[in-house]
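Asker: Below: one structure in structure tokens.
2 protein chains.
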Amino acid sequence: MSDNNIIKPKTLPGFMELLPNEQILFNKMKDIIRDSYEEYGFLPLNTPIIEDAKVLLAKAGGETEKQIYRFEKGDNDLALRFDLTVPLAKYVTEYYDKLSFPFRRYQIGKVYRGEKPQRGRYREFYQCDIDIIGDGKLSIINDAEIPSIIYNTFKKLGFDDFTICINNRKILNGLFKNLELANQSQEILRVIDKIDKIGIEKVREELSKNVEENKLDIIMKFLAINGDNKEKIDQLNELNISDETFKEGLNDIKQVLNYIEDFGVPEENIKLDLTIARGLDYYTGTVYETFLNQYRNMGSVCSGGRYDNLTEYYTNKKMPGVGISIGLSRLFFQLIDNNIISAENESLTKALIVSMTDDYSYCARVANDLRKEGIKVQVNFEEQKLGKKFKYADNIKVEYVIIIGEDEIANNQITLKNMKTGEQQIMELAKAVEILK
Amino acid sequence: MSDNNIIKPKTLPGFMELLPNEQILFNKMKDIIRDSYEEYGFLPLNTPIIEDAKVLLAKAGGETEKQIYRFEKGDNDLALRFDLTVPLAKYVTEYYDKLSFPFRRYQIGKVYRGEKPQRGRYREFYQCDIDIIGDGKLSIINDAEIPSIIYNTFKKLGFDDFTICINNRKILNGLFKNLELANQSQEILRVIDKIDKIGIEKVREELSKNVEENKLDIIMKFLAINGDNKEKIDQLNELNISDETFKEGLNDIKQVLNYIEDFGVPEENIKLDLTIARGLDYYTGTVYETFLNQYRNMGSVCSGGRYDNLTEYYTNKKMPGVGISIGLSRLFFQLIDNNIISAENESLTKALIVSMTDDYSYCARVANDLRKEGIKVQVNFEEQKLGKKFKYADNIKVEYVIIIGEDEIANNQITLKNMKTGEQQIMELAKAVEILK
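Just so you know, the protein sequences line up as chains A and B, in that order. Take the first sequence: its letters are residues 0 to 436, numbered as in numbering that gives the first Met the number 0. Take the second sequence: its letters are residues 0 to 436, numbered as in numbering that gives the first Met the number 0.
Structure (structure tokens):
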């Protein structure tokens, strides 16, 4: 084929594509998350990536519509899923009669958003979601279990120093309602959100443009609430806000915080953070964000919350739920980028079998025997110089090389070389099995 | 929200979407295939589902072009991958400098073909691929390892009675070249392919329309070759065909068959089948098809072969390879459809914890302790009558229910009920751990 017909292969910008060692590490993290979700009784789902655009966009609007991959095929108006929540709403409605509620499902899969590609922002990325969906109602205790799943998952991923921030949307909503500021709540929250960056005085200054002095005093008192979780609850009580929504939120968060301890989350890993709102139109109760304390600038690595009605666009049945999501592609990128994890020495294969002769029968049998013991091995079958074979072993990061020459074949033995120490020894296969296991 | 705004949720036709118990079984099969591939030293890849259409379609044409999901987003001409081989060719070329050859990779992922939906034919389906790619050359012994991977994988999937059929394209190509029928080979193979259905006499009759008598005699002699693999090789030798390609093919298949035994594939599971060709333009050497003997009508459940040049459309480097693919979505459908497997009693969760009181603190602690022992448990937090909770346990197919009432809390015990036998017993948690493990 002539050069002219050659097309330069290129992965699209904004699409994560990893080298094998990186992929091994990525998969390990994905497996840990999956195992953790399964430990808590969540069932796997795997919905299609392509859906009917009208079904997928029942609720969407604004940014979502702009970012979505939507296209026609024949007469069909199709779209790629942009999250795993809308497909869940579809699924729960479609298979309602065949499911048992509360329905606990996890889904780990790719979603698609045609955002402007930026460092660490992908157009195709993994979300790892769990949700608990009730039929009509769902106990508040589920909201207390969620932080324990976050805790368990991040511990298993190897983290210790992280904080699960928890709040209840009803507290903020009730406060604003009580102050007759409900219409301005979005704008006020936007300003409050900057508190970490600009400080409390600047927040007051900015809010004072649109909020009366007496109301502003109460907001500032609210924002000044501090101490441990119990102290914060006490101070919330002392605000003496009569609004029913506020009281409900306060009661809910008290219950949730009480149970969280029983679910095994240490006090230092859970923090009532009264400023967390997580967007404005979706969550209705408890909300969660999770931060790696030493890398707070990474933003929340696991977020979610309680919603009143998952399926409102598909059915008149009321389906409340609570769930969280880990944006694994972005998290993986950030962890690598901040040198928190490294894929440098990742390998799945334990040993490479290298032959010094042209006869591979004995190699094949050795490989076969080792695999029967659950040991991952590869045989190098290529006609290469020994040096090249060892270079290959180095590159694929195997811990051991098994060398097979005429002596080994004659004596029904193998030579095992430890690639780290350089030590090598001739031995029976049974002994090698022990070491390799 | 009024009824008028409700959209009927509907999964698109041709897209597999499973119930949770089915998904558990599907995932088990997927995990077995993955484990088996990893045992042989294959590295994971996960390429994007969306690629640049020009890159993806470099080679394609005909049916592929028609079936492909292709669309524009902004200025980009995009397409969804229709197999995992083209993305591999792209990947190997793009990251050539960072890979070690022979490059052994597996990829298990969804691919997309807008075929007419039929029972068991999906537009979105899983392929589970392995390929071994050489840089310039690749030893024929790799071709002998592939059947051992097929064998290992299907054994682990629970099958015993299956046949891996193997052939070498050079034998057929050489035969036709020798008979000066190379131009007609496609048509002749099409007729030969019907031998199982219409019988050898009808095949002769049909071929006689376009093939001269003396040539037809040799083809019929070729088709009459039978016996065990060694006998077939002998008869191939006896044909005395002088064509170099034929001789090469014969030599290759001899070597491959010799090694297959060493790789641990029993004789009854491997069969030299001289009529297998597997399409005409892609494979150049060894080819494989795999049949479940009792369900031959399912077609091949695992196919593949050797190709001379994976990357010819992307680079002038020559990259020969050998690989196989399992079409898991279709296989899963067929196995369920033929009652070979059943997802009826599939469950991941070992026990459901049910509370007889309003206090869930003790339940939460029990759940936490069990999970620390690696036992998958779920707590039912809902205000429901006990009967309803047990019905739920039945539905989600847990083996055990853990009942916690006032006595259990007071004595720091639990009641464990075996859902199959109906037996229940009050005991220390430690004892329950033993049973549940």
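Yeah, the Cβ is synthetic: ideal placement off N, Cα and C, and Gly gets one too. In this text, all values refer to a predicted model and were calculated from it rather than measured experimentally.
Are there 16 or more other CB atoms within 10 angstroms of the CB of Gln185 (chain B), so buried, or fewer, so exposed?
Answerer: exposed
Asker: On the three-state DSSP scale, how would you describe Arg112 (chain A)?
Answerer: coil
Asker: My parser needs the alpha helix (DSSP H) runs of 4 or more residues fully inside the segment 4-77 of chain B; what are they?
Answerer: 19-38, 52-55 and 62-66, all fully within the segment 4-77 of chain B.
Asker: Could you name the residues of the same chain whose beta carbon sits closer than 7 Å to that of Lys375 (chain A), not counting the 5 residues immediately before and after it, in chain order?
Answerer: Leu347, Thr348 and Lys349
Asker: Excluding the 5 residues preceding and the 5 following Arg370 (chain B) in the sequence, name in chain order all residues of the same chain whose CB lies nearer than 6 Å to its CB.
Answerer: Once the five neighbours on either side are set aside, Arg370 (chain B) has no close Cβ partner at all.
Asker: How big is the Cα-Cα spacing for Asp440 (chain B) and Glu50 (chain A)?
Answerer: Outside the displayed range of chain B (0 to 436) lies residue 440 (chain B), so it cannot be described from this structure.
Asker: Scan the segment 321-395 of chain B and note each continuous alpha helix (DSSP H) run of 4 residues or more that stays entirely inside, going in chain order.
Answerer: 327-336, 360-371 and 385-394
Asker: Distance, Cα to Cα, Glu301 (chain A) vs Val264 (chain A)?
Answerer: Position check: residue 301 (chain A) holds Cys in this sequence, whereas Glu was assumed. If you take the alpha carbons of Cys301 (chain A) and Val264 (chain A), they lie about 16 Å apart.
Asker: What is the rounded straight-line gap between the Cα of Ile403 (chain B) and the Cα of Asn166 (chain A)?
Answerer: 30 Å
Asker: Tell me the start and end of each unbroken alpha helix (DSSP H) in the segment 155-207 of chain A that is at least 4 residues and wholly inside, in chain order.
Answerer: If we require 4 residues or more, the alpha helix (DSSP H) runs fully inside the segment 155-207 of chain A come out as 168-177, 184-191, 194-197 and 199-207.
Asker: On the three-state DSSP scale, how would you describe Met0 (chain A)?
Answerer: Because Met0 (chain A) sits at a pLDDT of 43, beneath the cut-off of 50, its placement in the model cannot be relied upon, and the following sentence gives the value as read from the coordinates. In this structure, Met0 (chain A) counts as coil in the three-state DSSP scheme.
Asker: Given that Glu450 (chain A) touches chain B, what residues does it touch there, using C-beta distances under 7 Å?
Answerer: Coverage of chain A is limited to positions 0 through 436, which leaves residue 450 (chain A) absent and any answer about it impossible.
Asker: If you run the structure through DSSP and keep just helix, strand and coil, what is Met318 (chain B)?
Answerer: coil
Asker: Which residues in chain A have a C-beta closer than 7 Å to the C-beta of Asp449 (chain B)? List them in chain order.
Answerer: No statement about residue 449 (chain B) is possible, as the shown extent of chain B runs from 0 to 436 and does not include it.
Asker: Identify each residue in the segment 257-287 of chain A for which the Cβ-Cβ distance to at least one residue of chain B is less than 7 Å, and report them in chain order.
Answerer: Tyr258, Asp261, Phe262 and Gly263
Asker: Please confirm if Gly113 (chain A) has its CB atom under 8 Å from at least one CB of chain B.
Answerer: yes
Asker: Please name the residue, chosen from B:Glu311, B:Phe332, B:Phe331 and B:Glu123, that lies closest to Gly135 (chain B) on a Cα-to-Cα basis.
Answerer: B:Glu311
Asker: Consider the Cβ of Arg295 (chain B): report whether some Cβ of chain A lies at a distance smaller than 8 Å.
Answerer: no
Asker: With DSSP run on the structure shown, which of helix, strand or coil describes Glu144 (chain A)?
Answerer: helix
Asker: When DSSP labels each residue in this structure, what does Phe81 (chain A) get in the three-state scheme?
Answerer: coil
Asker: Taking 7 Å as the limit between beta carbons, can you name the residues of its chain near Leu180 (chain B), skipping five residues before and five after?
Answerer: Ile187, Val210 and Lys214
Asker: Any residues in the segment 338-353 of chain A with a beta carbon nearer than 7 Å to a beta carbon of chain B? Which ones, in chain order?
Answerer: Leu347 and Thr348
Asker: For a contact defined as C-beta to C-beta under 7 Å, what are the partners of Thr92 (chain A) on chain B?
Answerer: Pro8
Asker: Three or more C-beta pairs under 8 Å: does that hold for the segment 30-42 of chain B against the segment 104-112 of chain A?
Answerer: no
Asker: Return no unless some Cβ of chain B is closer than 8 Å to the Cβ of Leu17 (chain A).
Answerer: yes
Asker: Give the DSSP-derived three-state secondary structure of Phe221 (chain B) in the structure shown.
Answerer: helix
Asker: First and last residue of the alpha helix (DSSP H) that includes Leu230 (chain A)?
Answerer: Correcting the residue type first, residue 230 (chain A) is Glu in the shown sequence and not Leu. First-last of the alpha helix (DSSP H) with Glu230 (chain A): Asn228 to Glu237.
Asker: Output the boundary residues of the beta strand (DSSP E) element that contains Gly304 (chain A).
Answerer: Element bounds for Gly304 (chain A): Ser302 to Tyr306.
Asker: Can you pull the chain B residues whose beta carbon is under 9 Å from the beta carbon of Ile145 (chain A), in chain order?
Answerer: Those do not exist, as Ile145 (chain A) stays about 12 Å from chain B at its closest Cβ, beyond 9 Å.
Asker: How would you list, in chain order, the residues of chain B whose beta-carbon sits under 7 Å from the beta-carbon of Gly40 (chain A)?
Answerer: Thr348, Lys375, Val376 and Gln377
Asker: So Gln424 (chain A) is in the beta strand (DSSP E); what residue range does that whole segment cover?
Answerer: Secondary structure note for Gln424 (chain A): its beta strand (DSSP E) is the uninterrupted segment Gln423 to Met426.
Asker: With DSSP run on the structure shown, which of helix, strand or coil describes Tyr313 (chain A)?
Answerer: Assignment of Tyr313 (chain A) by DSSP, reduced to helix, strand and coil, places it in the coil class.
Asker: When DSSP labels each residue in this structure, what does Arg295 (chain A) get in the three-state scheme?
Answerer: helix
Asker: Relative to the C-alpha of Ile252 (chain B), which candidate in B:Glu205, B:Arg168, B:Asp227 and B:Ala431 has its C-alpha closest?
Answerer: B:Arg168
Asker: Give the single residue among A:Asn394, A:Ile325 and A:Gln423 whose Cα lies nearest to the Cα of Ile438 (chain A).
Answerer: This structure cannot speak to residue 438 (chain A), because chain A is shown only from 0 to 436.
Asker: Output needed for Ile132 (chain B): all residues of its chain with C-beta closer than 7 Å, excluding positions within five of it in sequence on either side, in chain order.
Answerer: So the list reads Val91, Phe100, Pro101, Phe102, Leu309, Met318 and Gly320, once near-sequence residues are dropped.
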